[in-house]
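Below you'll find the structure, written out as structure tokens, and then a few comments.
Residue numbers (our numbering): 5 to 395.
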């Protein structure tokens, strides 16, 4: 028998603040995909220590444990769950060639629950100010409660620090026009990049800076920029298929002075860098031996994570949500979305006071919010008022 129509109307809700269940699940799917991109390739059950210095993994710094530690330290994804649950953690995104420090001498008496037998120190680990929760040349936290300017943070692919776009000392091209950014300090340090200046992506119609004989460099899509430079290299004597494996590309190239500021590079610029023995030795001396490895990029790591997520045996939150949605009748669906929008509206109002006072939201604050929501729900039930009813 068909379900009888419900003649009563649901309470009116502001359309701008209302989401359908499908939209909720789509948003959840996007969040899940973003999480898979960063966390997917990392093991959340086993400490990564025994794998040595992993090419790239998700890392955290524990501010709770740092109070009694000696020096900077980083922990893997699994240890953030099993050894530092409830601690004040700094999410470091990903770092290259890092070995988990959890439980070594930097943590004093604290031992790793997953891999207790570790050397006192990981001497090859590289630390920067990010492990203190500080970023950019301004050495400020992110998010910064004292910064009223909304600004994107961009990671340098060399030093792996994060920078406000307004502090890069150059104009930033659109995201679709470049793949990797090298900060001003690293650009200056890696002098060989001056031989590849033709690859640099600049903001459309804007020169990098005034100088004698300078011209405007117009941005083109990253793939086209790389293709153009690749063809140029191929036209040189050292660019032939028989020679370029052994001949040095930059010896026949022209060294150009950089303008001040960070530099932006197209998608496959690493594949265009010289791999002759002399250049490989130079990369090693500069401690960037990985720079010609396209699998070193954050993009490659994220793609691997997405693949892991897509091929996982566990259904996604979206799939589980759609399955649950299909099992609800119309009245239950309306009740679910009203409850969700009620939660969203109340949470937005609750968090607004933190934004106004620039106060950090603590775990206890969120627990307090949900306690208040539960109390409201119990009050409604005690009053005999169901969340949604047809009359």
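C-beta: ideal position from N, C-alpha, C; glycine also. As the structure is a prediction and not an experimental result, all values here were calculated from the model.
Assignment of beta-bridge partners to residue 93 by DSSP yields 66. Secondary structure note for residue 191: its alpha helix (DSSP H) is the uninterrupted segment 188-193. Between residue 206 and residue 184, the C-beta spacing is not below 9 Å. For residue 98, DSSP records a beta bridge to 62. Pairing residue 93 with residue 106 gives a Cβ-Cβ distance that is not under 9 Å. Per the C-alpha coordinates, the member of 115, 80, 87 and 196 positioned closest to residue 285 is 196. Membership of residue 168 in the beta strand (DSSP E) is indicated by the continuous run 166-168. Around residue 279, the same chain offers 296 as residues with beta carbons nearer than 6 Å, after the five sequence neighbours per side are excluded. Here residue 126 is buried, its C-beta having at least 16 other C-beta atoms within 10 Å. Residue 159 is bridged by DSSP to 166. The beta carbon of residue 188 sits closer than 6 Å to those of 173, 265 and 266, all from its chain and outside the five residues before and after it, given in chain order. Shown here for residue 58: same chain residues with a beta carbon closer than 6 Å to its own, the five before and five after excluded, namely 52 in chain order. As a beta-bridge residue in DSSP terms, residue 139 pairs with 144. Nearest to residue 263 by alpha-carbon distance, out of 149, 97, 91 and 202, is 202. Residues of the same chain with a CB within less than 8 Å of the CB of residue 190, apart from the 5 flanking positions on each side, are 160, 162 and 163 in chain order.
With the rule of 3 Cβ pairs closer than 8 Å, the stretch 133-153 counts as touching the stretch 80-97. Nearest Cα to residue 56 within the set 47, 65, 104 and 49: 104. Counting along the chain, residue 269 sits inside the beta strand (DSSP E) bounded by residues 267-269. In the structure shown, residue 80 adopts extended strand secondary structure according to DSSP, grouped into three states.
Rounded to whole angstroms, the gap between the alpha carbons of residue 47 and residue 303 is 19 Å.
Residue pairing from DSSP leaves residue 377 without any beta-bridge partner.
Residue 150: not part of any alpha helix (DSSP H); DSSP gives it neither H nor E. Rounded to the nearest whole angstrom, the C-alpha separation of residue 366 and residue 168 is 25 Å. In terms of CA proximity to residue 298, 60 leads the group 54, 382, 60 and 102.
In its chain, beyond the 5 residues on either side, 138 and 151 have a beta carbon closer than 7 Å to the beta carbon of residue 144.
If you draw a 10 Å sphere on the C-beta of residue 374, you find fewer than 16 other C-beta atoms in it, and that means exposed.
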